[in-house]
Amino acid sequence: MSHYQHVSIATLGIMHVMCMHAQTRAHIQAIAFNQRQDGE
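For the sequence shown, the residue numbers in full-length UniProt numbering are 1 to 40.
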């Protein structure tokens, strides 16, 4: 396995985690927003 392949896989892994984290955070914000709407 070449160094370049290893770096690209690590980069893809980081990008995937960042993307998942962003989606999760957006989902949590949407739930919190909906709960706030229900509270009024």
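Built from N, CA and C at the ideal position, the CB exists for glycine as well.
Residue i to residue j span [Cα, whole Å]
{"i": "Val17", "j": "Ala26", "result": "14 angstroms"}
{"i": "His21", "j": "Ile9", "result": "18 angstroms"}
{"i": "Ile31", "j": "Ser2", "result": "44 angstroms"}
{"i": "Gln23", "j": "Gln37", "result": "21 angstroms"}
{"i": "Gln29", "j": "Met15", "result": "21 angstroms"}
{"i": "Gln5", "j": "Leu12", "result": "11 angstroms"}
Span of the alpha helix (DSSP H) around residue i
{"i": "Ser8", "result": "His3 to Gly39"}
Any non-hydrogen atom of the ligand FAD within 8 angstroms of residue i CB
{"i": "His6", "result": "In the structure on display, the ligand FAD does not appear, and there are no ligands present to speak of."}
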